[in-house]
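Residue numbers (this note's numbering): 211 to 397.
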C-alpha cells in the first residue's frame, strides 16, 4: 500500500531522470487502491514509458527481462523481492529502510545499492549511475546472483538468519513492487 511501499517515490525519481534515458521504461507491477492516483500523477506530469501491470502469479517473466529492480518502500521486514530479483539476475536497489534491506544489500555497490531512506535526489542519482554504467550494472547483477546463495536452506542450517525460526520448506513469495526494464536482448 501507499503507506509502506511508496510507489509515489519511484514516480518522483522517474520524473527526475526519464528524459535522459529514452531507451528505458518503468514497469510498476502489482496493484492497490492508490493506482488511480499514480496514473493521474503520470498523466499530469506527462511522464512517458511508464506501464502499470496488475499482480501476476508469474513475476519471474518480468525479472528475466529486466535490468534493475527498484524498491522504494518506507519499511521492509526482510525484502524478499530483492532476493527474488537477484536470483533472476536483476541489479537491485532500495532505500536504506530496514535491517532486512541491509542484510541483503551491501553498502558499497557490490551486490546492490541502497540510498538514504526518503532521499529522492540520491535515489535518482544512484539509479542514473546504474542505468548509464553497464559494466557496474553487470557486476552488481552477477554479485547479486551469488548473494542469493547466502539465503538458501543449505547455507542457513535450516534457520532464518533474521528471526531464528526453523525453516521446514522453501516458500516462494511473490512480492514485486517496482521494476525498471531496459529494452534489450540481455539474458
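All C-beta atoms in this analysis are idealised placements derived from N, C-alpha and C, irrespective of residue type, glycine included.
Model, not experiment: these values are computed from the prediction.
Between which two residues does the beta strand (DSSP E) carrying residue i extend?
i	result
residue 246	Where residue 246 is concerned, there is no enclosing beta strand (DSSP E), although the alpha helix (DSSP H) it sits in stretches over 245–254.
residue 237	234–239
residue 305	301–306
residue 324	323–326
Name the two residues that bound the continuous alpha helix (DSSP H) containing residue i.
i	result
residue 277	Run containing residue 277: none; DSSP gives neither H nor E here.
residue 286	Per DSSP, residue 286 belongs to no alpha helix (DSSP H) and is neither H nor E.
residue 355	344–358
residue 224	217–227
residue 309	309–314
Distance check for residue j and residue i, CA to CA, integer angstroms please.
i	j	result
residue 306	residue 289	11 Å
residue 268	residue 254	31 Å
residue 376	residue 233	Confidence at residue 376 is low in this model, with a pLDDT of 48, below 50, so its placement is unreliable and the value that follows should be read with caution. For residue 376 and residue 233, the distance between alpha carbons rounds to 45 Å.
residue 227	residue 317	23 Å
residue 343	residue 217	24 Å
residue 329	residue 304	11 Å
residue 294	residue 279	10 Å
Can you tell me which residues form a DSSP beta bridge with residue i?
i	result
residue 260	236
residue 231	Looking at the DSSP assignment, residue 231 forms no beta bridge with any residue, so it has no partner.
Can you look up residue i in the DSSP assignment and give me helix, strand or coil?
i	result
residue 361	helix
residue 331	helix
residue 214	helix
residue 273	helix
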